[in-house]
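Student: I have a structure here, written as structure tokens, and I will follow up with some questions on it.
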Amino acid sequence: MTKPDETDADAANSAETNGATDMDDNADPNETSFVGTDVLTVAKDAVKAKRGHGGISEVIRDAINREAFGEQLNRRGQLEARREELVEKRAERREELREVTNRLEGEIDALGDEIDTLDTKLNSLTTREERYEAKLESLEYWLRVKGMRFDPGNGRLKEVAASAGREPEGVIQDLKLRNPDVPDVAFGDGDPGDTYNPPDSNQTALKSTESTGGDGEITPLRDREEIYREREPATETEPGTEPELIGDGSGDTQDNRPNNPDE
Numbered sequence: 001m002t003k004p005d006e007t008d009a010d011a012a013n014s015a016e017t018n019g020a021t022d023m024d025d026n027a028d029p030n031e032t033s034f035v036g037t038d039v040l041t042v043a044k045d046a047v048k049a050k051r052g053h054g055g056i057s058e059v060i061r062d063a064i065n066r067e068a069f070g071e072q073l074n075r076r077g078q079l080e081a082r083r084e085e086l087v088e089k090r091a092e093r094r095e096e097l098r099e100v101t102n103r104l105e106g107e108i109d110a111l112g113d114e115i116d117t118l119d120t121k122l123n124s125l126t127t128r129e130e131r132y133e134a135k136l137e138s139l140e141y142w143l144r145v146k147g148m149r150f151d152p153g154n155g156r157l158k159e160v161a162a163s164a165g166r167e168p169e170g171v172i173q174d175l176k177l178r179n180p181d182v183p184d185v186a187f188g189d190g191d192p193g194d195t196y197n198p199p200d201s202n203q204t205a206l207k208s209t210e211s212t213g214g215d216g217e218i219t220p221l222r223d224r225e226e227i228y229r230e231r232e233p234a235t236e237t238e239p240g241t242e243p244e245l246i247g248d249g250s251g252d253t254q255d256n257r258p259n260n261p262d263e
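For the sequence shown, position 36 (counting from the first letter as 1) is numbered 36 according to full-length UniProt numbering, and the numbering increases by one without interruption.
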């Protein structure tokens, strides 16, 4: 039954629309329908030429989908475009990261090689210094126990200097610093006829892990450094304060004044 003033065509259109609405509410979203319509032949041929086989059907589907879901399709397209952009940027950043990582790893490797080279040189220097130290101790044995003099022309001293890459005078200076209780005459200074008593010529029972200078025992370096320690300058003795001489009952007297190592 039609409403008043409603034509048959309007009623048919109304029924079709209502039916379509009902069908849309209950329709399977995956169900398909065939759509056929008359179009200009030249338009159909143009689309077919441009799109190839199946192109006309694709155009019809796209047009209907845009009409039905235009806003959703537009939003989806924007999201997909943004996603592609982000994927591309991520790939670029990964490539940049690889380049930076490779560069830094190369620099780290180069620094490691340089450190290894310096370690080798330091170890070599340490070995040379230890060998020089041992040879100095050997010279000290001859100097302190045997009483050998070491002037720049001494054969043993020249051999040690050559092996250490030093001048004989430099070795003598090191010996002087290490042996402050040995007089300068032992190093060729002063009158060649002067004599000196080796500080350790009678110390055959001395034991020390710091003495590795040869076949005998010598005063440890630590004790020699104590001898070399700076002291207060000597002061003149005031009248009436001279040290008393102590007798031992045998008629001999003993001077109890402190020994001066420089005398």
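We put the beta carbon where it would ideally sit given N, CA and C, even for glycine. What you are looking at is a predicted structure, and each value in this text was computed from that prediction instead of being measured.
May I have the straight-line CA-CA distance separating F34 from N65, to the nearest angstrom?
Tutor: If you take the alpha carbons of F34 and N65, they lie about 14 Å apart.
Student: Can you name, in chain order, every residue of its own chain whose Cβ lies under 8 Å from the Cβ of D174, other than the five neighbours on each side?
Tutor: Taken in chain order, the residues that qualify are L136.
Student: On the criterion of 16 or more Cβ atoms from any shown chain inside 10 Å, does V39 qualify as buried, or is it exposed?
Tutor: The residue is exposed, with fewer than 16 neighbouring Cβ atoms inside 10 Å.
Student: Ends of the alpha helix (DSSP H) at A46?
Tutor: T41 to R51 is the span of the alpha helix (DSSP H), which, as asked, contains A46.
Student: Identify the continuous alpha helix (DSSP H) that holds D200 and give its terminal residues.
Tutor: Careful: D200 lies outside any alpha helix (DSSP H) and carries neither H nor E.
Student: Can you list, in chain order, the residues of its chain whose CB lies under 8 Å from that of residue 349, leaving out five sequence neighbours each side?
Tutor: Shown here, the chain extends from 1 to 263; a query on residue 349 therefore has no answer.
Student: R144 and D200 - do their beta-carbons sit closer together than 7 Å?
Tutor: The answer is yes: Cβ separation under 7 Å.
Student: Under a three-way DSSP split, which group does L206 fall into?
Tutor: Since pLDDT at L206 reaches only 40, below the 50 mark, its modelled position is unreliable, and the value read off the structure follows with that caveat. In this structure, L206 counts as coil in the three-state DSSP scheme.
Student: Can the beta-carbon of G147 be found less than 7 Å from the beta-carbon of P180?
Tutor: It is not a contact, given that the beta carbons lie outside the stated cut-off.
Student: Give the straight-line distance between the Cα atoms of residue 267 and R103, rounded to the nearest whole angstrom.
Tutor: Here the chain comprises residues numbered 1 to 263, so residue 267 is not present and cannot be evaluated.
Student: For a quick check, are the C-beta atoms of K50 and I56 less than 7 Å apart?
Tutor: Their beta carbons are not under 7 Å apart, which means K50 does not touch I56 by this criterion.
Student: Taking buried to mean at least 16 other C-beta atoms within 10 Å of its own C-beta, is N74 buried or exposed?
Tutor: Result: exposed.
Student: Flag this pair as yes or no: are the beta carbons of R149 and A186 separated by less than 7 Å?
Tutor: Yes, these two residues count as a Cβ contact at 7 Å.
Student: Give every residue of the same chain whose Cβ lies closer than 6 Å to the Cβ of V42, excluding the five residues on either side of it in the sequence, and list them in chain order.
Tutor: Cβ neighbours of V42 beyond the five flanking positions: none.
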